[in-house]
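K.L.:
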Amino acid sequence: MWRQLQINSPVQDWRVPYDSLINYGRERAENGVHAIQLVGWNTGGQDGHDPQMSTGPHLGTTEQLREAIKKIQAMGVHIFR
């Protein structure tokens, strides 16, 4: 089973900061989710500044996003961006 998580939209609706992703991933792992499609992680949010692929500064740092992904994947949940 997989889930999509939009953490930012084109109208700058900052929903989930990078450092909060770990809790989201933990909850999904406990409920049998094996993959999360992460959208809106880049500058401008989902479809906001395509093809901009730098991390959104209002959500945190690039290192925070990398660490969150690493920890979630260690729980057995794959992250797709």
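Numbering of the sequence shown is given in this note's numbering, commencing with residue 2 and proceeding in unit increments. For each residue, glycine too, the CB sits at the ideal point set by N, CA and C. Predicted, not measured: the structure shown is a model, and the values here were computed from it.
1) Is it buried or exposed, Arg29, if we count other Cβ atoms within 10 angstroms and call 16 or more buried?
2) In or out: Asn24 buried (at least 16 other Cβ within 10 Å) or exposed?
3) Note down, in chain order, each residue of its chain lying with its Cβ closer than 8 Å to the Cβ of Gly77, except the 5 sequence neighbours on either side.
4) Can you tell me whether Thr63 is helix, strand or coil according to DSSP?
P.N.:
The structure says:
1) Taking the sequence shown and counting its residues from 1, one reaches residue 29 at position 28. Of the residues assessed, Arg29 falls on the buried side of the cut-off, its CB having 16 or more other CB atoms within 10 angstroms.
2) Against the sequence shown, residue 24 aligns to sequence position 23. Exposed, since its Cβ has fewer than 16 Cβ neighbours within 10 Å.
3) Looking up residue 77 in the sequence shown gives position 76. For Gly77, same chain residues with a beta-carbon under 8 Å away, outside a window of 5 residues either side, are Ala30, His35 in chain order.
4) If you number the sequence shown from 1, residue 63 lands on position 62. Three-state result, Thr63: helix.
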